[in-house]
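Notes follow the structure.
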Amino acid sequence: MMDLEKLLDLNQLYIVGVSGGCDSMALLDAMYNKGIKVVVCHVNYHLRDDSDLDQETVSNYCSKYQIPLYVREINKEEYGKDNFQSQARKLRYEFYYQIACKYGVKKVVLAHHLDDVIENIIMQIQRHNTKGYLGIKDISEVWGLTILRPFLNIKKQVLRDYCHDNNVRYRDDYTNFETEFTRDYIRNITLKNYTEQQISDLLYNAKQHNQRYLSNVKKLKKYLDMYHNQNKIDYQIIPSDLLEEFIYEIIKEIVYPPLISDTLIKEVIKQIKSNKPNIKMNLPVNIRFIKEYNNIHVSKLKNSISYCLKYDQLVYDKNEYFYLSKEGHLNEGIYLTKEDFPITIRPFRPGDVIDTAGGTKKVSRLYIDNKIPKSKRETWPVVENSQGMIILVPHLAKNIRYLYSKPNLYVVKL
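Going by full-length UniProt numbering, the first residue of the sequence shown is number 1, and it counts up by one from there.
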C-alpha cells in the first residue's frame with residue numbers, strides 16, 4: 001500500500017508537512033518505518049479551539065522517534081484580507097522554503113490523497129476552471145521546491161485504517177465535517193450523491209484531459225519562451241487550437257490558478273480577435289490585458305512597486321520579487337562578510353552605478369544592454385552593502401571587489 005519508492009529516494013532527506021491528521025501522520029509513520037530521513041514542519045493556524053492539540057500530537061510523535069520538528073504559529077492578523085486558502089498556502093510554503101534552505105534540501109513531501117484529487121476536480125468543474133491540470137499533480141514545483149505527493153492513488157479511509165492498524169495517533173479536524181466552505185460541502189454533501197461508477201468516470205475523464213493538456217503545454221513551450229524573451233508575442237504565430245491554452249499559461253504565471261475561469265479566458269480571446277487594433281483592458285483578477293496590433297501581453301495591476309528590505313545577517317527568505325538561497329547561478333551569488341551587513345535589497349533608482357571588471361556601469365545601461373523589459377526593471381533587485389555601495393545586480397553585474405570569492409548568498413529574481 002505504502003509504495004513510497006516510486007516517488008521517493010530512500011537515501012535522501014525530505015521536508016514533510018504534517019498537520020496531525022490521519023493522512024499526514026500515516027505519511028510520516030510510513031516514511032519513518034522505511035528508514036527515510038525526514039524533517040517535520042507543522043503549521044498551527046490557531047483557527048480552532050483545539051489547534052494546539054494537533055501540534056501536540058505531531059510533537060509527541062517526533063519526540064518519541066527523535067525526528068526534527070519545526071512549528072510555525074500563525075496569528076490571525078497575518079492572513080490579511082485576501083482569500084484565506086491562498087493566504088494560508090503562501091504562509092505554509094514560505095515556512096517550508098525557510099526550513100528547506102536551512103537543511104540545504106529541495107524536496108517537500110505532502111500527504112494529499114485520492115479524496116483530495118476528486119474534491120479538486122469537482123471544485124474546478126463547478127467553478128468553470130478547467131483549462132489547466134485537473135486534480136493534483138504528484139510532482140510539482142513551488143518556490144524552487146519540488147513538491148512530492150506519493151498518496152494520490154490512495155483513499156483517505158485506507159490511511160485512516162493504516163493509523164488504526166499501526167497504533168499511530170492522529171487528530172480529526174472537526175471543521176472537515178461541516179459544510180460552511182465549498183470543499184467541505186463537496187466532501188460531506190456532493191460526493192455522497194456520486195456512485196462509484198460516476199467517480200471512476202470523473203477520474204478517467206480528468207486523466208484524458210490532463211494528457212491532452214500536458215501535450216499542449218509541450219507544444220506551447222517555444223511560444224512561451226518567445227513571449228518571455230520579448231515580454232509580448234504576435235498572437236497570429238500561435239496555432240489557433242492552442243491559443244486558449246497559451247492565454248491560460250501566461251495568466252497562470254501571475255494569478256493563482258483557481259481564480260482563472262474559462263469565462264475569463266474566452267473574454268481575452270474575444271478581445272484578441274476584435275477589430276480594434278489597440279486595447280488595454282483591466283480584468284477582474286487584478287491583471288491588465290494589452291493588445292497592440294498583433295502583439296499581446298498580460299501584466300499584474302499594481303498601483304506602484306516599491307520595496308526596500310534590510311538584512312542584518314545571512315538569512316534565506318522569499319517574497320514576491322526575489323528569494324535568498326544557499327544555491328543558485330554564479331551570477332546571482334555574492335560572498336558577504338560581517339562588514340557588509342546590514343545589506344539592503346531594493347529596486348533600481350535613477351543614478352545607480354556599479355563598479356565592475358569592465359569599469360563603472362550605470363544600472364540603467366545594464367538593463368538596456370541585456371534587453372530587460374521595462375516591466376521587469378521595476379522589480380529587479382539591486383543589492384547594497386552597509387556603505388551604500390551597489391555590490392550585485394543579479395544576473396547582470398557584480399562589484400569587482402566581490403568577483404572572485406565563492407558566494408554564500410544567492411539573490412534569485414522571481
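C-beta atoms are modelled at their ideal positions from N, C-alpha and C, and glycine is treated no differently.
Worksheet item: Does the beta-carbon of K222 have 16 or more other beta-carbons within 10 angstroms, so that it is buried, or is it exposed?
Response: So K222 counts as exposed.
Discussion item. Does L414 come out as helix, strand or coil in the three-state DSSP assignment?
Written reply: If DSSP states are grouped into helix, strand and coil, L414 belongs with coil.
Worksheet entry | D138: first and last residue of the uninterrupted beta strand (DSSP E) it sits in | Run containing D138: none; DSSP gives neither H nor E here.
Discussion item. Under DSSP, the alpha helix (DSSP H) around E245 begins and ends at which residues?
Written reply: Here the alpha helix (DSSP H) through E245 covers L243 to K252.
Discussion item. Do I345 and V383 count as a contact pair if the criterion is CB distance below 7 Å?
Written reply: With respect to I345, V383 sits close: the two C-beta atoms are nearer than 7 Å.
Fill in: Residues near C62 in its chain [Cβ-Cβ closer than 6 Å; skip 5 each side]
Excluding its 5 nearest sequence neighbours in each direction, C62 has C-beta neighbours in its own chain below 6 Å: V40 and L69, listed in chain order.
Discussion item. Rounded to the nearest angstrom, what separates L264 and P284 at their Cα positions?
Written reply: Going by the C-alpha atoms only, they are around 8 Å apart.
Worksheet item: Does DSSP put R365 in a helix, a strand or coil?
Response: It is helical.
Worksheet item: Rounded to a whole number of angstroms, what is the C-alpha to C-alpha distance between H329 and L7?
Response: Distance between the alpha carbons of H329 and L7 is about 27 Å.
Discussion item. Here's the rule I'm using: 16 or more other beta-carbon atoms within 10 Å means buried, otherwise exposed. How should L403 be labelled?
Written reply: The residue in question, L403, is exposed, as its Cβ has fewer than 16 Cβ neighbours within 10 Å.
Discussion item. With H, G and I counted as helix, E and B as strand and the rest as coil, what does DSSP make of T360?
Written reply: Looking at T360 - three-state DSSP - the assignment turns out to be strand.
Worksheet item: What's the call for C308, buried or exposed, on a 16-neighbour Cβ count within 10 Å?
Response: C308 counts as exposed, since fewer than 16 other beta carbons sit within 10 angstroms of its beta carbon.
Worksheet item: With which residues is H42 paired in a DSSP beta bridge?
Response: The partner list for H42 (beta bridge, DSSP) reads V71.
Discussion item. Looking only at its chain, what residues have a beta carbon closer than 7 Å to the beta carbon of D340, apart from the 5 residues adjacent to it on each side?
Written reply: Around D340: N385 and S386.
Worksheet item: DSSP on E196, reduced to helix/strand/coil?
Response: E196: helix per DSSP, three-state reduction.
Practice prompt. Using alpha carbons as the reference points, say which of Y227, G388 and P258 lies closest to I125.
Written response: Here the closest residue by C-alpha is P258.
Worksheet item: Alpha carbon to alpha carbon, how far is E180 from M123?
Response: Model confidence at E180 stands at a pLDDT of 43, short of 50, so the residue's coordinates are unreliable and nothing is read from them.
Item to complete: Compare the beta carbon distance of R149 and G20 with 7 Å and say whether it is the shorter of the two.
Response: No; because the gap between Cβ atoms is not below 7 Å, this pair is not in contact.
Item to complete: In angstroms with no decimal places, state the Cα-to-Cα distance between N331 and Y311.
Response: Distance from the CA of N331 to the CA of Y311, rounded to the nearest whole angstrom, comes to 20 Å.
Worksheet item: To the nearest whole angstrom, what separates the beta carbons of L27 and A111, a pair I think is in contact under 8 Å?
Response: Approximately 4 Å separates the beta-carbon atoms of L27 and A111; this is inside 8 Å, confirming the contact.
Fill in: Cβ-based burial, A206 [other Cβ within 10 Å; buried from 16]
Classification for A206: buried.
Practice prompt. Indicate whether I250 and V298 have their beta-carbon atoms separated by less than 7 Å.
Written response: Using a Cβ distance threshold of 7 Å, I250 and V298 count as a contacting pair.
Worksheet item: Under a Cβ-count criterion, where at least 16 other Cβ atoms within 10 Å of its own Cβ denotes burial, should N129 be classed as buried or exposed?
Response: Taking all protein chains shown into account, N129 has 16 or more neighbouring C-beta atoms within 10 Å of its C-beta and is therefore buried.
Practice prompt. Taking all protein chains shown into account, decide if S24 is buried (16 or more other Cβ within 10 angstroms of its Cβ) or exposed.
Written response: Residue environment for S24: buried (at least 16 other C-beta atoms within 10 angstroms of its C-beta).
Discussion item. Rounded to the nearest angstrom, what separates S215 and V58 at their Cα positions?
Written reply: Here the alpha carbon of S215 sits roughly 41 Å from the alpha carbon of V58.
Item to complete: Please list, in chain order, all residues of the same chain as N408 whose beta carbon is under 7 Å from its beta carbon, the five residues on each side excluded.
Response: Here the set comprises L314, Y335 and L336.
Discussion item. From the DSSP secondary-structure annotation, give me the bridge partner or partners of M281.
Written reply: DSSP links M281 through a beta bridge to F289.
Fill in: Three-state class that DSSP yields for Q12 in the structure shown
Here Q12 sits in coil by DSSP.
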